Structures are given as structure tokens and as C-alpha cells.
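Colleague:
Residue numbers (the working numbering): 4 to 1066.
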């Protein structure tokens, strides 16, 4: 037998109440004793045994408490401190604050709901703990801040530029401008590191690197687009450093007089491809091997750095070094190299910004720790500490290298010592020298204590940077694939093994890197990388600025050494530098990011990550609503905001569709649902979710507003008075025609009639829709199903099911959208299984790329059979494309112009564009027909209403035909018999309103004559004057006007102008 958690809590309360007085002293003594022994107190615990009544006759002893509860005997046996037994404190108190309750992922524990604590009877049953508990997958290796952030950042920064291009940068820009280049580069990186640290410390960081940080801060649109660009930049950065390794290897082989193929470009391509294959294999083996490899590489680089510094301090040891430009520390050389000397090099006339573009990728290692944040023990602590320390260390090393290279080597040298005259080489005057820091990329090998160690350091620096880049890119691709942002990446996101390694992602990175290795030119690749990195850094800084300035309550970073305006300066600085480096590349980068952004916007991923853009949207909406409250209404800015009394929107889709035609993205629409019974919170939330999903699938932009526990009349009155906020409130009530008014109970008829009066009492406009076959489809079973749809095969098969399925756009095949799970962590990837804990249907798998998630609305009869196509056509009457026809407007009374405005709005919709407006109006007996027609035409022209024809009606006061009178009399026969079951219509009322009745009958005859074939009829509604006309008589008027007609809309404005001819 099972008792739910709430019942057990009540049982335990009863037990405590009975046992508290008798065991109070004993419990105190026991707790004091335990506290003295262990330094802490223990709560009393008990073991519950639950029996059916009659089976527990022998229960009860000195150590037990017996309670009879709800037909069960419950015995409690006291114990002291047993870890296996339930705590009475846990059973009888609200839960204590625990970290697990605040997790938003599926690994978080669920605290008792307010319904459980309050005692709601209608509670959702709890799932078993075993079902909710996720499997503990993830990387076995978790890195600290040194091996996980500091060393990768240093390896990323100490790359190809340190040993192969820094001396060339000094020769071009001079010492002073090189220091400026380094200062600007590090200024950008330090500001970005501060912003990055703020983002990383604002909550738990999962796998996905820069993509994860930006997507969770600014939303998936920015995060995904920048993530793609950043992953591409890292792949190209790996190629850049591999080319540097190959160039250095070529120089080493050249010093021994050997080569592989041609000692140039082809050797770079061959060796580079092999090197990338080896590095990809190392990365794919796992983090443990990569960590071991990077420890060896960092030691090698440090030895090479000190080897260079010591070599410069020692100075040249032979004449050959002096002949090649290495002079040792010299004040003359230092002064000569202070100034810039930009020359034509690498097929480009070098300038400050071209040199900056080549140097900047060397300091783009600030993101190395964030790229593998899913593999860190504590990303929030490790990333700020490791990144900032790496920047300090690398900046000191670069500045030291600049001073050492600029003070100890000439810009030009011929290699012949006899050419050296007064500290310069005379033979280099015409620029034909092959040595010196201007001409020889291997100058650092020449200046070092041992060239072999420098070569080893260069190999380590280039390969280590390439390794860290190759390692990070698959993680970003995997995160993008798991979030299902771009369908093409889902295939590459599949994880293998117990650590979920994205082997397919490594293959993709290998292909991209090899393609750029084939270019085999460092200076051609570097500017492209610089733009991509700067774009990423600009958005990282903007994320911090935006999150801090919108002042979301969730923005509480523990890292305090940042400032939002400093982050904005950093973002602007990045963009300015991008344009200064290369205008064309910058435009291309921005266009690529914008296109990727639009793709995500178009796909509309179903995610909720609490981004700052959401907070900004809320603030903008709140501010605009408050501002609107202080702006007066003006007829030119009138918006027809509709309160649709449709009940459950699934029951009356045509009424909802008509309201959507009127409001459609331009004004407010609220779907009111009055429920007589009192609903529980859970039931209300389920209805909200289901109905909002229904509106979303039918592409209807409106708000579902249920109100329960009230009668229909009271509910409508409450909705009219409380719907909306401020000026964003409905001004039109739209309802369906009550077709059973003759047979329904008296109370229902009066309620319907009173709703009309309530609408006018609240100064609302009113519209009533009647369709030939009715509006109510509640006799059908409506289901919203989410299913996986194969891409392309079912597109042709979908037509076979068209008779019973209305899909996401109402009547057409749904647009295929990929589901996005916002709570996935890379660490939760299963081994070889294509599952994620708790969400097997969302896991990336090899077959996901050929399927999509689609929501459909399925209609069926109560017996489960398919619904005929003609019924589906009736459901979607206002959603389908209308054939060529007319919208007939019977503008009988001046109600402010709403009767004319609504059909005009409908005619502007694309699906009703082929329907022309025909206007019918009454004539004044005192004026001639031509004058009346001319006045009406002039009014329509002034109001700028396009119409195809204007008809002035004559003879509305003539007597109706006898068959029409007989038809009306038959309608009222049941109400004139006065049998006590219906509201009687007095003879006095009939005679007093005889003229009005005849007018309605005559209008019916005119409608049959002129508008029997119209696509839609819109007519001014007769006014139900309070206390003058009874409900049955008024409903008989509406019945005569609308019975047997095409779709018919009765409209009555609130006598306030909604049209104007003023500009």
C-alpha cells in the first residue's frame, strides 16, 4: 500500500502531537547527549509501519506511538540518529534551503509546491526519484585553474608570433609603435577578460565556451552566430599556427641543406596536414592526454624563452652572428630601432594597422579557458584567475622580447662582416639584404643561446596553440548541435564513449583546418582571424554592458572588477579596430554574423535561457505601457482591440480567426474563457498551456484569459472591466450568435441578452458573428500532438491526412522547426547511446538530421474517426484563401464608423485581397436619391475607403411580404403562448415596436436580393434599447437578418469616431 507524501506528513504531525508531551524530556536528554559527543544536535527520528486496520492489534509499546488515520493503523518506533530512517523534522517541516532546489537543469531537485504545503486536493502526482535522477555522465577529468585556464591561455598566446613574427613586427613598427600595438591589443584583451570574468561568475557555466556564454547572456541569436564565427576563427587559428610550425621546420631543414619536396609551399602543405592529423588524434583521445601534452609543451616554451633572453644578454659569440645583424645590446641599435620603418613586405605596403592585424592573433588566447569551461572543476573561479594571470605573464614576456630584439639586432644585414661600417651594412642601402630582423624570420634563433632550443620552443608554441584551438572547436560545435540551433551541425554533435567525445566534430575541424593549411601563408590568414576574434570580443563586452545596464535581478556576478561602461568602450574599440584593419573583411564578418543571426531568428528556437534581451524586452514593454498611459487617445491612432468571448479557443476556431483578421499584429486580442466551476491551479495552468499552444500553432497572436468560479454573465462583466492593462485594453466585444435562443432555458437567454447590455454599459463596441452551419465545434475531439516528421518523404504524404489534420499554420503543412533544449549540459552526454538524461527524444543522433519536430492540431469525432473535409473547411473558413467575391457592408446607422472600418481591415488581409467592398446605405426621404448617393460617395472618399460599388437602398419602410411576416410570427409563436416556460412578449410591446420589426423584415428581403452570394456580410446591429425591447423580440430581429445568409457579422460601435478625414 502506498501513501503520498502529503498524507505521510499529516500522519507524522499527528504522531508528533501525541508524543511531544510524553517524550519531551527524553528527547531533550538524548539530543544533548548526541550534541556533546559529536558537536551537533540530531533531530528525533522514527520508523513508520502502516497496516490495514485490524492487522495491527498487537502494536503499541513503550517505544512506539500508534495512530489511527484514514482507515490505517500507523505505528512509530523511536530510534536515535539512524541514517536509514526518515526524519520527523523532514516529514513535518518545510524543506530547508538547499543548492539542489535552485538548479534549473533536469538534475535539480523539486521542492514541495505551494499546493502541497497549502493542502490542495488536486495535485499532480510526484514522479519517482529514480525516474527524475539523471545519469552521472560526463568527463572524468576535471581541470583546475592552472592546467585548465592558465596554461591553455599561455599556450594560446605564446604562438607563432612569439618566435617567428615578433622581431619582424619590431623591424616594421619600431620599438615605440610595437609597444603601442601590444598595449592596444592587451587593452582589448584585458577589457574582454574582465567582461568574460563577470559573465562567468554570474552563475554556473557549462560546456560550449564563448557560444554558451553569449547565448545565455544575449540569447541564442547572437550566441549561435558568434559561436559559429568563433569556432571558424579557432579552426583557422590552428591552421595559422600549423603553418608557422611548418615554416620553422623548413628553416631548420634548410640549415642542413635538405628539404622534403621543394622546401617551400608544398612542404608546408604536406607537413601541415600530417601535423593536424596527429593533433586531432591527440585531442580525440581525451582531455587526459591533451593535459599531459600541454604540460610538456609549456615547459619547452619556457626553456626556449629563457634561452633567447640569456642568448641576447650574452651577446654574439662569433663573427657570423654579427654579420647577420646580431650585435648584442647596443644603445645605437636601440635608438635606431625606436622609430618605425614600414616597407613593402609580404606583397603589401605595410602600415601600422596592417602590422597590428598580423600581430593581434598572437594575444587572442583569453578565451582558451572559457572554450573548455565544461571541463573545469570551478569555471567561475578558474576563468577570471587563470585568464588575467595569463595576460599579465604574456604581456611581460612580449614587452621583454620587444626590448631585447630591438636593442640587440639590426634591421638589415648582408651576412658579410666586411660590409659593416659605423654600425650599418653599406650593402643593404638598396634593400637587397637577406638578414636582419627586417628580412629574416629566424632572427631569434640567431640571437638565442642555442638555436635548437629555439626551434623546439617554436615547435612547441605553434603546436600548443593549434592543439588548444583544435580541442575547443568541437566542444562549441557539439553545444550548437545539442541545442539544435543549426540543423547542419546536429550530425557533428554526437558524442561517443563514456566522456561523450564529439569525434564527428573533430573531423569537421580537421577538414576546415587542412583547407587553410593549403594556403600556406601566415600573413594572408592572420587579418581574417583578427576580424573574427575582434567581432567575438566586441559581443562579449557588449553582453556584459547590456546585462549590467538593464539591471536584471539575476545579474549578480561575484567578480567585481569590471564596469559596464568600460565594457562598452571595449566593444566600440573592437569595432573601430576592425574597420581600421581591413574595411572589406569587416563588412564580410558583419554580414556573415548578420546572416547567421537571421537564420536563428527565422527558426525561432524554443528556448528560455533568461537572457538580458528578455529583460530588455520586459523593460521596454513596461516603459512603453506606462508612457502610453499618459498619451491621450486620438482617432488617427485608433486600434480595434478585441475581447473574444469564445470560451475554449479549440471549440470555436472561426471566431478566433475572425478576431485575428481584425487585430493581426497591430492591436490587442484577448480570448476570454468563462468557466463556471472553480479550477485548481494545476488545471488552470494546463488549460493555459494547451490553449496558448493552440493559438501559437494557428499563428494567432493573442492572449488566452480564463476566469473561473463565476457565471457567464458575471465572468463577462469581470473580463470587460479587468482585461488588459492601461491603454492596452480591449474596446470591442466579439461573440458568437446564440442559435439556440428559441429552445434554451430562459436563464441562458437572459444571460446572453444581458451580456449585450453589459457591453454597451461599459461603452464597448459589440460584434456578433453567425456562420451558416454554426461556430461551435466542441463535439469534435481536438488534440495537439508533437511528432517527429521525416524531411522530405512525408511532405508528399501529408496530403493524405489533410482531412483530419490542421497543422502549424492553420491549414498548411507546418514549417519544420528543430526543438531546442535549454537545459542540456555537455557533461550529460551519454556514452555510445544517443540519449541525454531525462530527455531521450531530444538527443542528437545520426538520424536526427533527417527529421524535424512539428506540432499538429488533430481533429476527430468522439468515436475516433476522421473528420470530413467539409467540416475542416468550415473550421478554417477565415484562414483559407478566399475566392474572388465581395464583402458587403450594410452601413445603416452612424456608429462612429466601426461598421465600415472592420470590413476595410479584413479586405486588406492577403487572404481576402480578392474580395471587393460593396457599400449599401439607407436614403433619407427628405432628399433626392442622387444627392444622397453623392453625399455618401463624398464621405467614403474623404475617409479614404476603397469600394467597388455604392448602393442607396430605397423602400426600407415598405411593408414586408406576407411570407416574411409569417416566418417571423412562427419564430415568436413559442413566446406568445405564455405557457410559463419562456419569456412572454406582450401585445403592447409588439405594437409599440411594430415599425422597427417591419424594418428588420424588410432588410432581410433586401439582403436576400443583394447579398445572398457575398463572401461576408457586415451590417450595423440594431440597438437593443434598455427597458424597451425584450430578449425574445430582439433575438427574433437578429434571426431574421442572419438566417440562411453567408457568414454574417453584426457590428455596433460605441458612437465614438474611429474614422477621420483629417490628416
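C-beta atoms are modelled at their ideal positions from N, C-alpha and C, and glycine is treated no differently.
A quick note: this is a predicted structure, and the numbers were derived from the prediction, not measured.
Determine the burial state of residue 491: buried for a count of at least 16 other Cβ atoms within 10 Å of its Cβ, exposed for fewer.
Modeller: The sequence position of residue 491 within the chain shown is 488, counting from 1. Residue 491 should be labelled exposed.
Colleague: Short check: CB of residue 175 to CB of residue 345, under 7 Å?
Modeller: Within the chain shown, the letter at position 172 stands for residue 175. Within the chain shown, the letter at position 342 stands for residue 345. Cβ atoms of residue 175 and residue 345: closer than 7 Å.
Colleague: How far does the alpha helix (DSSP H) with residue 709 in it extend, from its first residue to its last?
Modeller: Numbered from its first residue, the chain shown carries residue 709 at position 706. Residue 709 -> not in any alpha helix (DSSP H); beta strand (DSSP E) instead, spanning 706-711.
Colleague: Looking only at its own chain, which residues have a Cβ that is under 6 Å from the Cβ of residue 240, when we skip the five neighbours before and after it?
Modeller: Counting from 1 along the chain shown, the entry for residue 240 is found at position 237. So the list reads 472, 532, once near-sequence residues are dropped.
Colleague: Going by alpha carbons, who is nearest to residue 3 out of 115, 119, 101?
Modeller: This structure does not reach residue 3, given that the chain is present from 4 up to 1066, and the question cannot be answered.
Colleague: Could you check which residue in 217, 523, 519 has the C-alpha nearest to that of residue 373?
Modeller: Within the chain shown, residue 373 is the residue found at index 370, counting from 1. Of the candidates 217, 523, 519, the one whose C-alpha sits nearest the C-alpha of residue 373 is 217.
Colleague: Here's the rule I'm using: 16 or more other beta-carbon atoms within 10 Å means buried, otherwise exposed. How should residue 327 be labelled?
Modeller: As a position in the chain shown, residue 327 is number 324, starting the count at 1. Buried: at least 16 other Cβ atoms inside 10 Å.
Colleague: Between residue 263 and residue 242, what straight-line distance do the alpha-carbon atoms span, to the nearest angstrom?
Modeller: Counting from 1 along the chain shown, the entry for residue 263 is found at position 260. Counting from 1 along the chain shown, the entry for residue 242 is found at position 239. Answer to the nearest angstrom: the Cα atoms are 20 Å apart.
Colleague: For residue 1032, does the three-state DSSP call read helix, strand or coil?
Modeller: What you label residue 1032 is simply residue 1029 of the chain shown in a count that begins at 1. DSSP places residue 1032 in coil when its eight states are reduced to three.
Colleague: Under 8 Å by Cβ, that's how I've got residue 574 and residue 541 pegged, so tell me the actual separation to the nearest angstrom.
Modeller: On the chain shown, position 571 is the one that residue 574 refers to. On the chain shown, position 538 is the one that residue 541 refers to. Yes, residue 574 and residue 541 are in contact; Cβ-Cβ is about 5 Å, under 8 Å.
Colleague: Can you check DSSP and say which residues form a bridge with residue 428?
Modeller: For the purposes of this step, residue 428 is taken as the residue at position 425 of the chain shown. Residue 428 is bridged to 423.
Colleague: Could you tell me whether the Cβ atoms of residue 329 and residue 450 are closer together than 7 Å?
Modeller: Counting from one through the chain shown, the residue named residue 329 turns up at place 326. Counting from one through the chain shown, the residue named residue 450 turns up at place 447. Going by C-beta atoms, residue 329 is nearer than 7 Å to residue 450.
Colleague: Closer than 8 Å is the cut-off here; do at least three beta carbon pairs connect the segment 988-1007 with the segment 711-720?
Modeller: The segment 988-1007 vs the segment 711-720: no contact.
Colleague: Measuring alpha carbon to alpha carbon, tell me which of 409, 284, 318, 959 ends up nearest residue 336.
Modeller: The residue given as residue 336 occupies position 333 in the chain shown. Of 409, 284, 318, 959, the residue nearest in Cα terms is 409.
Colleague: Less than 7 Å between the beta carbons of residue 211 and residue 379, yes or no?
Modeller: Within the chain shown, the letter at position 208 stands for residue 211. Within the chain shown, the letter at position 376 stands for residue 379. The answer is no: Cβ separation not under 7 Å.
Colleague: Is it a yes or a no for the segment 746-761 touching the segment 668-676, going by three-plus beta-carbon pairs under 8 Å?
Modeller: Not touching, per the Cβ criterion.
Colleague: By DSSP, does residue 893 sit in helix, in strand, or in coil?
Modeller: Translated into the one-based positions of the chain shown, residue 893 becomes position 890. Correct three-state label for residue 893: strand.
Colleague: Between the Cα of residue 342 and those of 414, 365, 332, 437, spot the shortest distance and give me the residue it belongs to.
Modeller: Position 339 of the chain shown, counted from the first residue, corresponds to residue 342. The shortest C-alpha separation from residue 342 is found at 414.
Colleague: Need the endpoints of the alpha helix (DSSP H) that residue 238 sits in, please.
Modeller: Along the chain shown, read from residue 1 onward, the residue named residue 238 stands at position 235. Per DSSP, residue 238 belongs to the alpha helix (DSSP H) from 223-258.
Colleague: In the DSSP assignment, find the unbroken beta strand (DSSP E) run with residue 924 in it and report its ends.
Modeller: Mapped onto the chain shown, residue 924 falls at position 921. From DSSP, the beta strand (DSSP E) with residue 924 extends over 918-925.
Colleague: CA-CA distance, residue 725 and residue 765?
Modeller: Position 722 of the chain shown holds residue 725. Position 762 of the chain shown holds residue 765. C-alpha separation (whole angstroms): 11 Å.
Colleague: Reducing DSSP to helix, strand and coil, say where residue 1021 ends up.
Modeller: The count along the chain shown starts at 1 and reaches residue 1021 at position 1018. Strand at residue 1021.
Colleague: One question on the structure: do residue 460 and residue 156 come within less than 7 Å of each other, judged by their Cβ atoms?
Modeller: Residue 460 sits at position 457 when you count from the first residue of the chain shown. Residue 156 sits at position 153 when you count from the first residue of the chain shown. It is not a contact, given that the beta carbons lie outside the stated cut-off.
Colleague: Could you name each continuous beta strand (DSSP E) segment of 3 residues or more that falls completely within the segment 586-664, going from the start of the chain to the end?
Modeller: Listed in chain order, they are 645-648.
Colleague: Pull up the distance between the alpha-carbon of residue 699 and that of residue 393, whole angstroms please.
Modeller: In the chain shown, the residue the question calls residue 699 occupies position 696. In the chain shown, the residue the question calls residue 393 occupies position 390. Their backbone Cα atoms lie some 50 Å apart in a straight line.
Colleague: Using 7 Å as the threshold, is the C-beta distance between residue 921 and residue 891 below it?
Modeller: As a working note, residue 921 is residue 918 in the chain shown. As a working note, residue 891 is residue 888 in the chain shown. Closer than 7 Å, so yes.
Colleague: Between residue 951 and the rest of its own chain, which residues show a CB-CB distance below 8 Å, the 5 nearest in sequence each way excluded?
Modeller: Along the chain shown, read from residue 1 onward, the residue named residue 951 stands at position 948. 889, 919, 920, 921, listed in sequence order.
Colleague: Specify whether the segment 505-518 and the segment 479-487 touch according to this definition: at least 3 beta carbon pairs, one from each stretch, less than 8 Å apart.
Modeller: Judged by Cβ distances under 8 Å, the segment 505-518 makes contact with the segment 479-487, as three or more pairs qualify.
Colleague: Can you tell me the Cα-Cα spacing of residue 722 and residue 567, whole angstroms?
Modeller: By one-based count along the chain shown, residue 722 stands at place 719. By one-based count along the chain shown, residue 567 stands at place 564. Going by the C-alpha atoms only, they are around 44 Å apart.
Colleague: Locate the alpha helix (DSSP H) running through residue 944, then write down its first and last residues.
Modeller: Taking the first residue of the chain shown as position 1, residue 944 is located at position 941. Unbroken alpha helix (DSSP H) run through residue 944: 932-945.
Colleague: Compute the Euclidean distance between the alpha carbons of residue 539 and residue 582, then round it to the nearest angstrom.
Modeller: Counting from 1 along the chain shown, the entry for residue 539 is found at position 536. Counting from 1 along the chain shown, the entry for residue 582 is found at position 579. One C-alpha to the other measures close to 14 Å.
Colleague: For residue 441, count the other beta carbons within 10 Å of its own beta carbon; 16 or more makes it buried, fewer makes it exposed. Which is it?
Modeller: To locate residue 441, count along the chain shown from 1; it is residue 438. Residue 441 comes out buried.
Colleague: Relative to the C-alpha of residue 1018, which residue among 775, 390, 710, 170 is closest?
Modeller: Translated into positions along the chain shown, residue 1018 becomes position 1015. Checked all of 775, 390, 710, 170; the closest Cα to residue 1018 is 775.
Colleague: Using the Cα positions of residue 793 and residue 487, report the straight-line distance between them to the nearest angstrom.
Modeller: As a working mapping, residue 793 is identified with position 790 in the chain shown. As a working mapping, residue 487 is identified with position 484 in the chain shown. Residue confidence is low: residue 793 scores 48 on pLDDT, short of 50, so the model does not pin down where it sits. No coordinate-derived value is stated.
Colleague: Our contact map puts residue 244 next to residue 469 with C-beta atoms below 8 Å; I'd like the distance itself, whole angstroms only.
Modeller: The residue given as residue 244 occupies position 241 in the chain shown. The residue given as residue 469 occupies position 466 in the chain shown. So it is a contact: roughly 4 Å between Cβ atoms.
Colleague: Express the C-alpha separation of residue 458 and residue 304 in angstroms, rounding to a whole number.
Modeller: One-based indexing of the chain shown puts residue 304 at position 301. One-based indexing of the chain shown puts residue 458 at position 455. Going from the Cα of residue 304 to the Cα of residue 458 covers about 10 Å.
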